[in-house]
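Residue numbers (our numbering): 19 to 253. Here is the structure we will look at.
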Amino acid sequence: MRHFIITGASRGVGYEVVRSLASEGEGRRIIALARSEEALQALRADADDPSKDNLVLPLAFDLGQEDYTPLQEAIEAFCGGRIDGLLNNAGKLINRPFNELSDEDWNLIYKVNVFGVVKLTRFLLPYMSSGHVVNVSSMGGIQGSVKFPGLSAYSSSKAAVIGITECLAEEYKDSPLRFNGLAFGSVQTQMLEEAFPGFKAAVSAEEMGAYTARFLLEGGQFFNGKTLQVSSSTP
């Protein structure tokens, strides 16, 4: 039996990761976190596969909330108190020129993209004696990559995620835990469509979700402290 937590699971890549995990292998328990209860229930109906003993537990949850008791109870009841894989996928993107970004905009982006990763990972470490933590970053967070106007808050928050990933890998290098990141290029998701109306990405959420699920399952065997650039564009 293997146990996973996926954030940002109500749509986009997170949704597809849950579907992919539940469609392959056997004996998987997946806690799907997002703020939309309705979307999560739809995900469970779409992904649950009792024939393979692959089950999804939807949990409407805000990573910024103070009370993590509902998540604790879910881990103990649904996963037997053990987590084998965590995907920090929840993200917030605001496309706005630097001089128009308010303090509230910066706080919101960093609350979700950075502090959400920190808070959830810290909370889950006691349940992860081994396993793989994957943090979703962005090509915009890679030093030297092409940057896009309007994404200063988003890109800098994703650069912070890369730094956190490297630091955690160093701190836990003598343990069985592994920490890695995936820096996505553009993926056709609702978040992308909202920020860049009319833009068409070359990669679908389903394709990226399937790749991310495989990396969550297998990447810890080969990498630690690395953020892989998942983009076919250059540079």
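Just so it is clear, CB atoms sit at the ideal spot from N, CA and C, and this is done for glycine as well.
Residue 153 is positioned such that its CB atom lies no closer than 8 Å to that of residue 187. Straight-line measurement puts the Cα of residue 179 at about 20 Å from the Cα of residue 240.
In the three-state DSSP reduction, residue 49 falls in the strand class (E or B). In the displayed model, residue 101 falls within coil according to three-state DSSP, outside both helix and strand. Apart from the 5 residues on each side of it in sequence, residue 226 sits with its Cβ closer than 8 Å to the Cβ of 31, 34, 202, 205 and 248 in its chain, given in chain order. Counting every other CB atom within 10 Å of its CB across the protein chains shown gives residue 98 a total below 16, marking it as exposed. Residue 135 places its beta carbon 8 Å or farther from that of residue 117. Under DSSP, residue 152 shares a beta bridge with 105 and 198. Between residue 183 and residue 197, the C-beta gap is smaller than 8 Å, which places the two residues in contact.
Across the set 146, 120 and 173, the C-alpha of 173 shows the shortest separation from the C-alpha of residue 160. The Cβ-Cβ distance between residue 96 and residue 47 falls below 8 Å. In this structure, residue 194 and residue 120 do not form a Cβ contact; the two beta carbons are roughly 43 Å apart against a cut-off of 8 Å. Per DSSP, residue 59 is not a residue of any beta strand (DSSP E); the alpha helix (DSSP H) it occupies stretches across 55 to 65.
Contact check for residue 151 against residue 139 passes: the beta carbons are separated by less than 8 Å. Taking a C-beta distance under 8 Å as the contact criterion, residue 104 and residue 88 do not qualify as a contact pair. With 16 or more other CB atoms across the displayed protein chains lying within 10 angstroms of its CB, residue 36 is buried.
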